[in-house]
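Numbering (UniProt numbering), first residue to last: 1 to 173. Glycine included, each C-beta is placed from N, C-alpha and C at the ideal position. Computed from a predicted structure; not experimentally measured. I have placed the structure first, in the form of structure tokens, so that the comments after it can refer back to it.
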Amino acid sequence: MSRDWDKAVEQIQRTLLIQNACVIAHLIQTVHAIAIQGNTQTTDACLNDLREAIDTNEPSNHHLQFHIAQLLGRLADSGTSAEHFARDLLERAIRIESRAEYLGEQVRMLVRAGDVKSARLIALEALQMDTSDEQVLLGVVRCFLAEGQLADAIAQMEFLLATHPKAMQSEVC
Numbered sequence: 001m002s003r004d005w006d007k008a009v010e011q012i013q014r015t016l017l018i019q020n021a022c023v024i025a026h027l028i029q030t031v032h033a034i035a036i037q038g039n040t041q042t043t044d045a046c047l048n049d050l051r052e053a054i055d056t057n058e059p060s061n062h063h064l065q066f067h068i069a070q071l072l073g074r075l076a077d078s079g080t081s082a083e084h085f086a087r088d089l090l091e092r093a094i095r096i097e098s099r100a101e102y103l104g105e106q107v108r109m110l111v112r113a114g115d116v117k118s119a120r121l122i123a124l125e126a127l128q129m130d131t132s133d134e135q136v137l138l139g140v141v142r143c144f145l146a147e148g149q150l151a152d153a154i155a156q157m158e159f160l161l162a163t164h165p166k167a168m169q170s171e172v173c
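Okay, here's the thing in structure tokens:
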């Protein structure tokens, strides 16, 4: 597998010689730095390059910023620059367009970071926007669980399963 990554990184470097601001190439390079290399300095440099590519080519593409933030937020260790970058990028996407799906992801990130109070406020805001989004409802469950409110979490989960039968396949279940 290491050789496959080596080939991929070589191809990415060739691509970046031709088109230095390619967001996807920088994203793959960043994923490699986080998931394979694990080197903080390399990761920070890749995150910087990715930020510049997004600022240059996709500054108002909230959808892309959300998906990159979601990917990096799930790959990054707690408290790392990659996690911080993911949270910042998600906040940018939300500033461009506030969607329930984005707020649901923000709740997940905040609960993971231990900021349950902020997560709960955002979950309630997201519920007011769109109560049918599965991720928003899961965000509320996450908040209840993080606060130790098991009865409320169970009640919310029962409601979620009644309205979204496929929710049993999510990462919370």
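Excluding sequence positions up to five away, which residues of its chain have a Cβ less than 7 Å from the Cβ of residue i?
i       : result
Gln-106 : Leu-90, Ile-94, Ile-122
Cys-22  : Thr-15, Leu-16, Ala-53
His-62  : Ala-93, Ile-96, Glu-97
Leu-27  : Leu-50, Ile-68
Gln-70  : Glu-105
Trp-5   : His-32, Ile-36
Counting only the same chain and skipping the five closest in sequence on each side, list residues whose C-beta sits under 6 Å from that of residue i.
i       : result
Val-140 : Ala-123, Gln-156
Tyr-102 : Phe-66, Ala-93, Ile-94
Ser-118 : Leu-110
Leu-137 : Leu-160
His-164 : Glu-134
Arg-142 : Val-111
Gln-11  : none
Buried or exposed for residue i, going by 16 or more other Cβ atoms inside 10 Å?
i       : result
Arg-87  : buried
Gln-135 : buried
Glu-97  : exposed
Ala-25  : buried
Leu-47  : buried
Asp-49  : buried
Ile-154 : exposed
Gln-13  : exposed
Gln-149 : exposed
Ala-146 : buried
Arg-120 : buried
CB-CB under 8 Å to residue i, same chain, minus the five flanking residues each way: which ones, in chain order?
i       : result
Thr-43  : Thr-30, Ala-33, Ile-34, Gln-37, Thr-80, Ser-81, Ala-82
Gln-19  : Ala-25
Ala-126 : Ala-100, Leu-103, Gly-104, Val-107, Asp-133, Val-136, Gly-139
Thr-40  : Thr-80, Ser-81
Ser-60  : Ile-96
Asp-152 : Phe-144
Glu-58  : Val-23, Leu-64, Gln-65
Ala-8   : Ile-28, His-32
Counting along the chain, where does the alpha helix (DSSP H) carrying residue i start and finish?
i       : result
Gln-106 : 100 to 113
Asn-57  : 40 to 57
Thr-30  : 23 to 32
Lys-117 : 116 to 129
Gly-73  : 62 to 75
Asp-88  : 81 to 96
Ile-153 : According to the sequence displayed, residue 153 carries Ala and not Ile. Unbroken alpha helix (DSSP H) run through Ala-153: 150 to 163.
Should residue i be flagged as near chain B, meaning a C-beta pair shorter than 7 Å?
i      : result
Asp-55 : Here chain B cannot be found, since the structure has a single protein chain.
Worksheet item: Does the stretch 48 to 66 come close enough to the stretch 75 to 82 to have 3 or more Cβ pairs within less than 8 Å?
Response: no
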